[in-house]
Amino acid sequence: MLEKEIIQYIFNILHSKGKLFKRQDEKLIGVPLSDPRWENVHSLKDVNPHTLREIKHFFERYKELENKETTIIGWEGRDVALKLIKSCQDRFKKYPVAE
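Position 72 of the sequence shown, counting from 1, maps to 72 under the working numbering, and the rest follow consecutively.
Below is the structure:
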């Protein structure tokens, strides 16, 4: 996928916080460009509420096998997600990974 396509289809962000380290951990939620089931989804309000509950439930439970707890803080929209991506890109440019 092209970067432009990925960014166009990131539509929200889920904030969570681990109980062990107490740090916030963002999850970017996006959809495949080629999947017609998502062609009319552009924001959280376009997503079926049950689907949002399924996503939230997954992120509340996926760390249990590591004996870690996660608390879901809430959802943010596409604008916040894009700002997070930009912040990460800027940080990577400032502190690139050594080869």
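We put the CB at the ideal spot given by N, CA and C, even for glycine.
A63 - DSSP class collapsed to helix/strand/coil: Checking the sequence shown, residue 63 turns out to be Lys, not Ala. DSSP places K63 in coil when its eight states are reduced to three.
Cβ distance (whole Å) where L106 is taken to contact G77 below 8 Å: Since the first and last residues shown for the chain are 1 and 99, residue 106 lies out of range.
Backbone CA spacing between K86 and T71 [nearest angstrom]: 25 Å
Same chain only: Cβ atoms within 8 Å of N40, ignoring 5 sequence neighbours per side: D46
Inter-residue Cα distance where the pair is S34 and N48: 19 Å
N- and C-terminal bounds of the beta strand (DSSP E) containing K45: Careful: K45 lies outside any beta strand (DSSP E) and carries neither H nor E.
Proximity winner among P96, T51, C88, relative to D25 (alpha-carbon distances): C88
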